[in-house]
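Okay, structure first, notes after.
Residue numbers (our numbering): 11 to 116.
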């Protein structure tokens, strides 16, 4: 089967989760794996791969902050991505936001 281009619909986003976002290091240098339960829910950063035509504050290439527990994963060409609505994004980080805007989309 030949691969087809992907067009997201409505306000949907296709994102790839940052690999290094899972593990983190404590102030004492101890590596804490992504699977460790910390008591509170931890948000994750992802890079946007595709956006639907009704997404207003997010563009391809932006980094977005979202709750990984509310994600829907999909495999495309052997790679795993997350599909979400723009309203599920807690914050946007992009160089284009410098100069006045905080980049928060709440």
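Built from N, CA and C at the ideal position, the CB exists for glycine as well. On a predicted model such as this, the values are computed, not experimentally measured, just so you know.
> When the Cα of residue 104 is compared with those of 98, 18, 75, which residue comes out closest?
Replying inline: 75
> For residue 89, does the three-state DSSP call read helix, strand or coil?
Replying inline: strand
> Is it right to say residue 90 is buried, meaning 16 or more other beta carbons lie within 10 angstroms of its own, or is it exposed?
Replying inline: exposed
>> Please return the same chain residues whose Cβ sits closer than 6 Å to the Cβ of residue 20, not counting the five positions on each side in sequence.
In response: 62, 64
> With a CB to CB cut of under 6 Å and the five nearest residues on each side skipped, what residues in its chain are close to residue 71?
Replying inline: none
> Considering only residues of the same chain and omitting the five flanking positions on each side of residue 18, which have a CB-CB separation below 7 Å?
Replying inline: 24, 60, 61, 62
> Roughly how many angstroms lie between the CA atoms of residue 15 and residue 52, to the nearest whole one?
Replying inline: 32 Å
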